[in-house]
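S.K.: My questions all concern the structure below.
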Amino acid sequence: MSKHEVTPIDNSLDNFMIWVSTQIFFGKTALEHLPEGIDRYGKRILMLYGGGSIKKNGVYDQVTSILKENGYFVVELGGVQPNPRVSLIRKGIEIARENKVDMVLAVGGGSVIDSAKGIACGYYYDGDIWDLAGQTVSTDKVLPVLCVLTIPATSSEMATGSTWLNDTIVPHKKAGAHGPYVRPRVSYLNPEFTYTLPARQTAAGVSDIMCHIIESYFSNEKRAYLQARTAEGMMKTLIKYTPIALEEPDNYEARANLMWCGAWGNNGIIVKGNYVSWSVHGLENSINEACDNIHGEGLAVLTPHWLRWAMNDDNIYRYVDFAVNVFGVDPTLPEREIAEQGIKKLEEFYDKIGMPKKLGELGAKYEDIEKYAERFNIPSTIAYQDGAFVPIRFNDAVEIYKSAF
Ligand code: NZQ
Ligand code: ZN
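For what it's worth, numbering that gives the first Met the number 0 labels the leading residue of the sequence shown as 0, then goes sequentially.
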């Protein structure tokens, strides 16, 4: 591709670039810049992908023809599953070492990108990759990760974190490494690549984005005005464009807004300056470890229950902001009523986009509630700690789970 002329960047929605440590090429022409990103890091590539969607929708062909045209050495590893398995990451590390690759190219969603991050961290690491779960990686001995994103959801394309499911221990555990060098170096975001997303995955991805924003917005930091107003704009973006994307899967404007919102939801821009306790994510993680469900669906079930549980006289102002600024609820009503209407509107949104309502729909079992709540006995759980929006302890988690059955 580099041998051909590249469309000039005009900073329109079709074609713009941002570089806040992760360089982003956004729009219909994003892939034209693939060699430009790769050449910075070398010529030998491990290309990672999922269960086959990229082969069906032509993204695989587009990516591999560019790689071939430019003469790169490429070794492929497919088969990454949603809630990505540590066993495949271990295999990827071996392949990467045997082939002495210079970088990992993830083509897919959060599961593929997070697996690429695992391989990148494990490449130079002298122990088992699971040692790094829950750890901050502060060394720069991490292979560069580049991404071609196919689903807006996690922000992993622009974020420092990763999440892996350890399928080699019983019960399964979900955790990952994070750190500045884990953040992808270059990500390619073409909204057209998301046209083939099934409605369920589109909606689950949006519910994940919505939750990242809500968890940042419902924090104890009252002074983060810009983050709060930015978050409101992002939530309004999801509310406006998700139904359009579901109705017209190839509506570029809708897909573009969702994709860019997804990248921002958890890339640090609204998270930093807030103290985010990731309460709903903590609650969902336990369900996910047990049920291997779709992450965004678990969040959609739990978010309204957590919001109702956490509301108190000190933080109700934020519920009022949420209801009035995001959903247009009448500001002259009594505070509690405004707050409750805001949560109801959120539930209506999840319902409209087809999200489940009860934990049982995800495969969770009422009799296992105490097992799910175990992580809220552990003081290192961030949502347990005093700075959390409202700290969640074991009994609180039990109460929230019960309300979600
Ligand atoms: O595997 P293939 O065949 O590619 O199909 C995938 C998969 O079945 C499909 N898909 C993706 N793009 C498609 C497509 N199908 C048709 N057309 C396309 N364009 O969608 C399914 C889900 O893919 P996945 O990568 O699992 O989705 P997502 O991006 O939502 O990632 C979820 C994972 O990320 C973790 C979650 O816990 C979960 O494991 N998270 C990662 C975070 C991070 N790294 O910072 C933060 C998040 O809170 C989250 O925990
Ligand atoms: Zn999430």
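Built from N, CA and C at the ideal position, the CB exists for glycine as well.
Determine the extent of the beta strand (DSSP E) in which Thr380 is found, giving its start and end residues.
M.R.: By 1-based counting over the sequence shown, the position of residue 380 is 381. Premise fails: Thr380 is in no beta strand (DSSP E) and is neither H nor E.
S.K.: As a quick exercise: from Tyr48, Lys42, Ala95, Ile65, pick the residue whose alpha carbon is nearest that of Phe72.
M.R.: Residue numbering aside, residue 72 sits at position 73 when the sequence shown is read from its first letter. Taking only the C-alpha atoms, the option nearest Phe72 is Lys42.
S.K.: Starting from Ala226, follow the alpha helix (DSSP H) in both directions and report where the run begins and ends.
M.R.: As a first step, residue 226 is located in the sequence shown; it is residue number 227 there, counting from the start. Per the sequence shown, residue 226 should be read as Gln rather than Ala. Unbroken alpha helix (DSSP H) run through Gln226: 224 to 246.
S.K.: Gly117 and Ala174 - do their beta-carbons sit closer together than 8 Å?
M.R.: For the purposes of this step, residue 174 is taken as residue 175 along the sequence shown, with counting starting at 1. For the purposes of this step, residue 117 is taken as residue 118 along the sequence shown, with counting starting at 1. It is not a contact, given that the beta carbons lie outside the stated cut-off.
S.K.: Residue range of the beta strand (DSSP E) that Gly108 falls in?
M.R.: Reading the sequence shown from its first residue, position 109 is the one you call residue 108. Here Gly108 belongs to no beta strand (DSSP E), and DSSP marks it neither H nor E.
S.K.: So, under 8 Å CB-CB, Leu237 and Ile208 are touching, yes? Tell me the CB distance rounded to an integer number of Å.
M.R.: Stepping through the sequence shown from its first residue, residue 237 is reached at position 238. Stepping through the sequence shown from its first residue, residue 208 is reached at position 209. With a Cβ gap of about 6 Å, Leu237 and Ile208 count as contacting.
S.K.: Would DSSP call His177 helix, strand or coil?
M.R.: Here residue 177 refers to the residue found at position 178 of the sequence shown. The answer is strand: DSSP assigns His177 an E or B state.
S.K.: Might you give, ordered along the chain, the residues of its own chain that have their beta carbon closer than 6 Å to the beta carbon of Pro151, omitting 5 neighbours on each side?
M.R.: Mapped onto the sequence shown, residue 151 falls at position 152. Contacts found: Gly204, Leu257, Met258, Gly261.
S.K.: In terms of residue numbering, what span does the alpha helix (DSSP H) encompassing Arg317 cover?
M.R.: Counted from its first residue, the sequence shown places residue 317 at position 318. From DSSP, the alpha helix (DSSP H) with Arg317 extends over 315 to 320.
S.K.: Please name the residue, chosen from Phe326, Tyr349, Pro355, that lies closest to Gly341 on a Cα-to-Cα basis.
M.R.: Residue mapping note: residue 341 aligns to position 342 of the sequence shown, counting from 1. Nearest C-alpha to Gly341: Phe326.
S.K.: Quick test of your reading: Asp113 and Thr63, contact by CB under 8 Å. State the CB separation rounded to the nearest angstrom.
M.R.: Within the sequence shown, the letter at position 114 stands for residue 113. Within the sequence shown, the letter at position 64 stands for residue 63. Not confirmed; about 22 Å, so no contact.
S.K.: In terms of residue numbering, what span does the alpha helix (DSSP H) encompassing Gly297 cover?
M.R.: Translated into positions along the sequence shown, residue 297 becomes position 298. From DSSP, the alpha helix (DSSP H) with Gly297 extends over 294 to 309.
S.K.: Span of the alpha helix (DSSP H) holding Ile23?
M.R.: Residue mapping note: residue 23 aligns to position 24 of the sequence shown, counting from 1. Careful: Ile23 lies outside any alpha helix (DSSP H), inside the beta strand (DSSP E) at 21 to 26.
S.K.: Mark Arg335 as exposed unless 16 or more other C-beta atoms lie within 10 angstroms of its C-beta, in which case mark it buried.
M.R.: The sequence position of residue 335 within the sequence shown is 336, counting from 1. Result: exposed.
S.K.: When the Cα atoms are used, what is the spatial distance from Gln384 to Trp308?
M.R.: Position 385 of the sequence shown, counted from the first residue, corresponds to residue 384. Position 309 of the sequence shown, counted from the first residue, corresponds to residue 308. One C-alpha to the other measures close to 17 Å.
S.K.: CB of Ile92 to nearest heavy atom of the ligand NZQ: below 7 Å?
M.R.: On the sequence shown, position 93 is the one that residue 92 refers to. No.
S.K.: Look at Gly297 and Glu283 and say whether their C-beta atoms are less than 8 Å apart.
M.R.: Indexing the sequence shown from 1 puts residue 297 at position 298. Indexing the sequence shown from 1 puts residue 283 at position 284. Cβ atoms of Gly297 and Glu283: closer than 8 Å.
S.K.: Kindly examine the ligand ZN and report whether one of its heavy atoms sits closer than 7 Å to the Cβ of Leu237.
M.R.: Residue numbering aside, residue 237 sits at position 238 when the sequence shown is read from its first letter. It does not: the Cβ of Leu237 is nowhere closer than 7 Å to a heavy atom of the ligand ZN.
S.K.: How big is the Cα-Cα spacing for Cys210 and Asp367?
M.R.: Within the sequence shown, the letter at position 211 stands for residue 210. Within the sequence shown, the letter at position 368 stands for residue 367. Distance between the alpha carbons of Cys210 and Asp367 is about 24 Å.
S.K.: Might you give, ordered along the chain, the residues of its own chain that have their beta carbon closer than 6 Å to the beta carbon of Asn69, omitting 5 neighbours on each side?
M.R.: Locating residue 69 in the sequence shown gives position 70, where the first residue counts as 1. If we look at Asn69 and ignore the five residues flanking it on each side, its Cβ neighbours are Pro34.
S.K.: Is the CB-CB distance between Val103 and Val58 below 8 Å?
M.R.: Counting from one through the sequence shown, the residue named residue 103 turns up at place 104. Counting from one through the sequence shown, the residue named residue 58 turns up at place 59. No; because the gap between Cβ atoms is not below 8 Å, this pair is not in contact.
S.K.: The alpha helix (DSSP H) spanning Leu87 covers which residue range?
M.R.: On the sequence shown, residue 87 is found 88 positions in, with the first residue counted as 1. Leu87 -> alpha helix (DSSP H) spans 85 to 97.
S.K.: Please indicate yes or no: does the CB of Asp72 lie closer than 7 Å to some heavy atom of the ligand NZQ?
M.R.: Locating residue 72 in the sequence shown gives position 73, counting from the first residue. The sequence as given places Phe at residue 72; Asp does not occur at that position. No, Cβ of Phe72 sits at least 7 Å from all heavy atoms of the ligand NZQ.
S.K.: Please determine whether the Cβ atom of Thr21 lies at a distance below 7 Å from any heavy atom of the ligand NZQ.
M.R.: The residue you call residue 21 lines up with position 22 of the sequence shown. It does not: the Cβ of Thr21 is nowhere closer than 7 Å to a heavy atom of the ligand NZQ.
S.K.: Please name the residue, chosen from Gly232, His32, Leu142, that lies closest to Leu66 on a Cα-to-Cα basis.
M.R.: Along the sequence shown, read from residue 1 onward, the residue named residue 66 stands at position 67. Ranking the options by Cα distance to Leu66, first place goes to His32.
S.K.: Verify the contact flag: His294, CB atom, against every heavy atom of the ligand NZQ, threshold strictly below 7 Å.
M.R.: Residue 294 sits at position 295 when you count from the first residue of the sequence shown. Checking the Cβ of His294 against the ligand NZQ gives yes.
S.K.: Are there three or more Cβ pairs, one per stretch, closer than 8 Å when the segment 305 to 325 is compared with the segment 385 to 398?
M.R.: Flag = yes, the segment 305 to 325 and the segment 385 to 398 touch.
S.K.: Decide yes or no for the touch test of the segment 180 to 199 against the segment 134 to 151: beta carbon pairs closer than 8 Å, at least 3 of them.
M.R.: With a cut-off of 8 Å, the segment 134 to 151 and the segment 180 to 199 count as touching, because enough Cβ pairs lie within range.
S.K.: Are the CB atoms of Ala95 and Tyr124 within a distance shorter than 8 Å?
M.R.: For the purposes of this step, residue 124 is identified with residue 125 of the sequence shown, where counting begins at 1. For the purposes of this step, residue 95 is identified with residue 96 of the sequence shown, where counting begins at 1. Not in contact: Tyr124 and Ala95 (Cβ atoms no closer than 8 Å).
S.K.: Tell me Ile44's beta-bridge partners as DSSP assigns them.
M.R.: Position 45 of the sequence shown holds residue 44. Note: Ile44 sits in a beta bridge opposite Val73, Met102.
S.K.: Whose CA, out of Pro248, Asp166, Thr302, lies closest to the CA of Arg89?
M.R.: The residue labelled residue 89 in the question sits at position 90 within the sequence shown. The shortest Cα separation from Arg89 among Pro248, Asp166, Thr302 belongs to Asp166.
S.K.: With H, G and I counted as helix, E and B as strand and the rest as coil, what does DSSP make of Ser186?
M.R.: By 1-based counting over the sequence shown, the position of residue 186 is 187. Three-state DSSP puts Ser186 in a strand.
S.K.: Which same chain residues, not among the five before or five after Asn324, have their C-beta less than 6 Å away from its C-beta?
M.R.: As a working mapping, residue 324 is identified with position 325 in the sequence shown. So the list reads Glu231, once near-sequence residues are dropped.
S.K.: My parser needs the beta strand (DSSP E) runs of 3 or more residues fully inside the segment 118 to 181; what are they?
M.R.: Runs found: 144 to 148, 163 to 165, 172 to 174.
S.K.: Quick one, which of Gly50, Val100, Asn394, Leu358 has its alpha-carbon nearest Glu373's?
M.R.: Locating residue 373 in the sequence shown gives position 374, counting from the first residue. For Glu373, the nearest C-alpha among the options comes from Asn394.
S.K.: Apart from the five residues on each side of it in sequence, which residues of its chain come closer than 6 Å, Cβ to Cβ, to Ile293?
M.R.: Taking the sequence shown and counting its residues from 1, the one referred to as residue 293 is at position 294. So the list reads Ala203, once near-sequence residues are dropped.
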